[in-house]
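Participant: Could you have a look at this structure, given as structure tokens, before my questions?
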Amino acid sequence: MRKLCTIERGSNFATSPNQRRCYHDTDSNQNDNTIAKLVRDEILKTRQIINIEGLLEFCWNHGIPVVHFDGFPTTQEVHKFDGMVAFVAQRPVIVISINRCSPARLLFILAHELGHIIKGHVNNYAIVDEEIDPESIDVEEIEANEFASELLLCRDIEYYTQGASTGEQLVAIAQQFSDSKADTYT
Numbered sequence: 001m002r003k004l005c006t007i008e009r010g011s012n013f014a015t016s017p018n019q020r021r022c023y024h025d026t027d028s029n030q031n032d033n034t035i036a037k038l039v040r041d042e043i044l045k046t047r048q049i050i051n052i053e054g055l056l057e058f059c060w061n062h063g064i065p066v067v068h069f070d071g072f073p074t075t076q077e078v079h080k081f082d083g084m085v086a087f088v089a090q091r092p093v094i095v096i097s098i099n100r101c102s103p104a105r106l107l108f109i110l111a112h113e114l115g116h117i118i119k120g121h122v123n124n125y126a127i128v129d130e131e132i133d134p135e136s137i138d139v140e141e142i143e144a145n146e147f148a149s150e151l152l153l154c155r156d157i158e159y160y161t162q163g164a165s166t167g168e169q170l171v172a173i174a175q176q177f178s179d180s181k182a183d184t185y186t
């Protein structure tokens, strides 16, 4: 049974599983895209758009600390990474390690890492994403990307480019994003 849990009100951190209150149980009839929509809807209760501040607030309100740390030592075997999810004291923690990045990229990385937690990919180990690749063939990476896309865009948007895009392809992609934005405000 995979659950996104939050801490009980009045406590800053969940230090044990018993202190956590379930936000949503994915064993119900709702699918994981519905969970992304629930997260999205909760953020939009207090904001007009899904942005980095809103998603950070959501994570912290649900007992998921998000920290930035780019001081990891690198070697030939150990590389820098975009994001990581690990359990510390039986609580999920998201670490963002990328240093120079646009707010939109940071937002996607955070949503992607939250997707790993919600999808139940992290148990007693860490998931390290050296680079989040939208064209990855790894099942867990695909699921985390799909969750992030659903959360941020309100639906699964698929588009693929190889090389330069044609004007028609760019118009189609822009229309998909425009339709998604319209869904947000209806």
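End of the sequence shown = 186 in the UniProt record's numbering, gap-free, step of one.
Beta carbons: idealized from backbone N, C-alpha and C, even for Gly.
#1: With a threshold of 8 Å on Cβ separation, who are the neighbours of Leu106 within its own chain once the five nearest residues in sequence on each side are excluded?
#2: Just to confirm before moving on: does the CB-CB distance between Leu55 and Leu110 stay below 8 Å?
#3: Since Val67 sits in a beta bridge, which residues does DSSP pair it with?
#4: Output the distance between the C-alpha atoms of Phe58 and Phe81, rounded to the nearest integer angstrom.
#5: Just mark His68 as buried or exposed, buried being the case when its beta carbon has 16 or more other beta carbons within 10 Å.
#6: When the Cα atoms are used, what is the spatial distance from Gln175 to Ile49?
#7: Determine whether the beta carbon atoms of Arg116 and Ala86 lie at a separation below 8 Å.
#8: Roughly how many angstroms separate the alpha carbons of Phe147 and Lys45, rounded to a whole number?
#9: Answer yes or no: do Ala36 and Glu140 have a C-beta to C-beta separation smaller than 8 Å?
#10: Would you kindly check if the distance between the Cβ of Arg91 and the Cβ of Gly63 is under 8 Å?
#11: Does the beta-carbon of Val88 have 16 or more other beta-carbons within 10 angstroms, so that it is buried, or is it exposed?
#12: Assuming the contact rule is C-beta atoms closer than 8 Å, Glu42 and Gly83 should be a hit. Round their C-beta distance to whole Å, please.
#13: Near Arg100, which residues of its chain fall below 7 Å by C-beta distance, leaving aside the five closest residues on each side in sequence?
#14: Going by the CB atoms, is the gap between Phe108 and Leu152 shorter than 8 Å?
Facilitator: For this structure:
#1: Within the sequence shown, residue 106 is the residue found at index 106, counting from 1. So the qualifying residues of the chain are Ile52, Ile96 and Ile98.
#2: Taking the first residue of the sequence shown as position 1, residue 55 is located at position 55. Taking the first residue of the sequence shown as position 1, residue 110 is located at position 110. Against a cut-off of 8 Å, the Cβ pair of Leu110 and Leu55 comes out as a contact.
#3: Position 67 of the sequence shown holds residue 67. In DSSP, Val67 forms a bridge with Val95.
#4: Here the question's residue 58 lines up with position 58 in the sequence shown. Here the question's residue 81 lines up with position 81 in the sequence shown. Answer to the nearest angstrom: the Cα atoms are 23 Å apart.
#5: Start at 1 with the first residue of the sequence shown, and residue 68 comes out as number 68. Burial call: exposed.
#6: By one-based count along the sequence shown, residue 175 stands at place 175. By one-based count along the sequence shown, residue 49 stands at place 49. Taking C-alpha positions only, Gln175 is separated from Ile49 by approximately 18 Å.
#7: Mapped onto the sequence shown, residue 116 falls at position 116. Mapped onto the sequence shown, residue 86 falls at position 86. First, the amino acid is wrong: residue 116 is His here, not Arg. Cβ distance not < 8 Å, so His116 and Ala86 don't count as in contact.
#8: Here residue 147 refers to the residue found at position 147 when the sequence shown is read from its first residue. Here residue 45 refers to the residue found at position 45 when the sequence shown is read from its first residue. The straight-line gap from Cα to Cα measures roughly 20 Å.
#9: Against the sequence shown, residue 36 aligns to sequence position 36. Against the sequence shown, residue 140 aligns to sequence position 140. Taking 8 Å as the Cβ cut-off, Ala36 and Glu140 do not qualify as a contacting pair.
#10: As a first step, residue 63 must be located in the sequence shown, where it is residue number 63. As a first step, residue 91 must be located in the sequence shown, where it is residue number 91. Yes.
#11: In the sequence shown, residue 88 corresponds to position 88, counting from 1. Val88 comes out exposed.
#12: Position 42 of the sequence shown holds residue 42. Position 83 of the sequence shown holds residue 83. Actually they do not touch by this definition, with Cβ atoms about 21 Å apart.
#13: Translated into the one-based positions of the sequence shown, residue 100 becomes position 100. Closer than 7 Å at the Cβ level, and outside the excluded window around Arg100, lies no residue.
#14: In the sequence shown, residue 152 corresponds to position 152, counting from 1. In the sequence shown, residue 108 corresponds to position 108, counting from 1. A contact, by the Cβ cut-off of 8 Å.
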